[in-house]
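A.B. asks:
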Amino acid sequence: MNRLPYVATGCRPVNWQLDQIVSELRDARAQWRSQHGRLQDRGGRELPSRITVGHIIEALSGALFPMRLGPADLREESEDFYVGHTLDVALNALAGEVRRELSYAARHNGASGDDIACQAIEIVKGFAATLPRLRVLLDTDVLAAFQGDPAARSVDEVLICYPGVHAVIHHRLAHYFYQAGLPLLARMIAEIAHSATGIDIHPGAQIGKSFFIDHGTGVVIGETAIIGERVRIYQAVTLGAKRFPADEEGNLQKGQPRHPIVEDDVVIYAGATILGRITIGKGSTIGGNVWLTRSVPPQSNVTQANLQNECGI
131 MNRLPYVATG
141 CRPVNWQLDQ
151 IVSELRDARA
161 QWRSQHGRLQ
171 DRGGRELPSR
181 ITVGHIIEAL
191 SGALFPMRLG
201 PADLREESED
211 FYVGHTLDVA
221 LNALAGEVRR
231 ELSYAARHNG
241 ASGDDIACQA
251 IEIVKGFAAT
261 LPRLRVLLDT
271 DVLAAFQGDP
281 AARSVDEVLI
291 CYPGVHAVIH
301 HRLAHYFYQA
311 GLPLLARMIA
321 EIAHSATGID
331 IHPGAQIGKS
341 FFIDHGTGVV
351 IGETAIIGER
361 VRIYQAVTLG
371 AKRFPADEEG
381 NLQKGQPRHP
391 IVEDDVVIYA
401 GATILGRITI
411 GKGSTIGGNV
421 WLTRSVPPQS
431 NVTQANLQNE
441 CGI
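Take any residue in the sequence shown, count from 1 to its spot, add 130: that is its number in this note's numbering.
1) Please classify residue 260: does DSSP put it in a helix, a strand, or coil?
2) Using the C-alpha atoms, what's the distance from residue 317 back to residue 250?
3) Given a cut-off of 8 Å on the beta-carbon distance, is the pair residue 321 and residue 234 in contact?
4) When you compare the segment 385-393 with the segment 343-362, are there three or more beta-carbon pairs, one atom per stretch, that lie closer than 8 Å?
5) Which two residues bound the contiguous beta strand (DSSP E) that contains residue 403?
6) Exposed or buried, which one is residue 263 when buried takes at least 16 other CB atoms within 10 Å?
7) What do you reckon, are the CB atoms on residue 260 and residue 227 nearer than 8 Å?
8) Taking only runs of the beta strand (DSSP E) that begin and end inside the segment 324-378, which ones reach a length of at least 3 residues, in chain order?
9) Could you have a look at residue 155 and say whether DSSP puts it in helix, strand or coil?
10) Would you grab the beta carbon distance between residue 265 and residue 246 for me? Rounded to a whole angstrom, and I think it's under 8 Å.
11) What does the alpha-carbon distance come out to for the pair residue 210 and residue 403?
12) Please tell me whether residue 413 and residue 400 are closer than 8 Å, where the distance is taken between their beta carbons.
13) Report yes if the CB atom of residue 409 is closer than 8 Å to the CB atom of residue 393, and no otherwise.
14) Let me check understanding here. Comparing Cα to Cα, which of 294, 310, 378 and 314 lies closest to residue 350?
15) Terminal residues of the continuous alpha helix (DSSP H) containing residue 305?
16) Helix, strand or coil for residue 436? Go by DSSP, reduced to three states.
17) Give the C-beta separation of residue 364 and residue 319 to the nearest angstrom, bearing in mind that I take them to be a contact with Cβ-Cβ under 8 Å.
18) Below 6 Å CB to CB, which residues in the same chain sit around residue 422 once its five sequence neighbours on both sides are set aside?
19) Assign residue 181 to one of three DSSP states: helix, strand, or coil.
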C-alpha cells in the first residue's frame, strides 16, 4: 500500500480533529447508503478497482508486445516464459475484477449470484482466447500509424511513443468487455487511456482495422459510433451526438444510435465536429474545423469554404 510521506512541521503536534471528521464521514456514508438502499454489509469492496485494472492492462500490453512494452531486461529466449507467466497473473487478477462487477450487477438487478465465479472465469477464458487475434488487429493499427505519419521513423517508435496507439490498444481491450456485458470494467479501461492521452474513446464504439489517431489530444468518439477500416483522424475531432432523446418522464434514453458512421478510407482533419447518426461516405475527406450534421456521399471533400458556399455565406 502506498503511503504519503510524513512531513515534520517544526512545531507542536497538530490536532486535526480526526475523531470528529471520521464520525461525520461515517454519518455521510450511512445517509447515502440509506437513501440508496445499501444498508447491508457486503463484507468488502464490491466494485472493481481502477488501480488493479490499470496494472492488469499494463501487464496485458506487455504480453501482447513483450519486446516493446514488456520489461527492459527481457531477452528473446525468455519471451514465451514472460508472456505465459504475465498472462497467468493478469488473467487471474482480471477474473477477480470481473467477478466484482458481476456481483455488483446481480445485486442491483435482484438476480441470483450463485454462478458468478464460474461466469467470470468463462468470460476471462473467452477474452484470453481472443488475444492472438487482437495482437494481429493491433499490428494493423501500428502499421497505419507508421505509414500515415511522415515524422514516424519506425513502427517501434509509434508503438512506444504515440498516444493514439496507446489509446487504441486500450480501446481494443475495453471493447471486448463492453460487448461481454461489463460496462463498468470497460469504461475503467477507457478512462485510464483517456487520463493518459487526452483521447476519449467510449468502449462501445466499433472501430475497424488500420485505425490511426494522429496527435490525438481532444479526440472524442461516442458510444454508438461506427468507424470503418483505414480511417485516419487528427486532434480535437469529435464524433458526437446531436441531440439526446428523452422518454415521457424526461429521462435520457440509453443505447440509442446517436453517433456518426464513418466508412472506410476516410480522413478527418483537426478540429472537425461531426454530430448525429449521419454517414461519412467511403473515401471522403473532412477538413479542419468543419461542423457537420448531415451525411455526405462517398469521395466527398468537405471544407469550411464549400459548406459556406452551400449556405450562401
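The beta carbon of each residue, even a glycine, is placed where N, CA and C say it ideally should be. All of these numbers come straight from a predicted model, not from anything done at the bench.
C.D. replies: Here's the rundown:
1) In the structure shown, residue 260 sits in a helix (DSSP, three-state: H, G or I).
2) Looking at the two C-alpha atoms, the distance is approximately 18 Å.
3) In this structure, the beta-carbon distance from residue 321 to residue 234 does not fall below 8 Å.
4) The segment 385-393 makes contact with the segment 343-362: 3 or more CB pairs, one atom from each, lie closer than 8 Å.
5) Note, residue 403: beta strand (DSSP E), 403-405.
6) In the assembly as shown, residue 263 is an exposed residue. Its beta-carbon has fewer than 16 other beta-carbons within 10 Å.
7) Contact check for residue 260 against residue 227 fails: the beta carbons are separated by 8 Å or more.
8) Unbroken beta strand (DSSP E) runs of no fewer than 3 residues, entirely contained in the segment 324-378, are found at 368-370, following chain order.
9) Here residue 155 sits in helix by DSSP.
10) Incorrect: roughly 29 Å between the Cβ atoms, too far for contact.
11) The alpha-carbon of residue 210 is positioned some 44 Å away from that of residue 403.
12) Cβ atoms of residue 413 and residue 400: not closer than 8 Å.
13) Going by beta carbons, residue 409 and residue 393 fall inside the 8 Å limit.
14) Comparing Cα positions, the closest option is 294.
15) Start and end: 293-309.
16) Helix.
17) Contact annotation, residue 364 with residue 319: C-beta distance approximately 24 Å; criterion of less than 8 Å not satisfied.
18) The residues are 404.
19) In the structure shown, residue 181 falls within a helical segment according to DSSP collapsed to helix, strand and coil.
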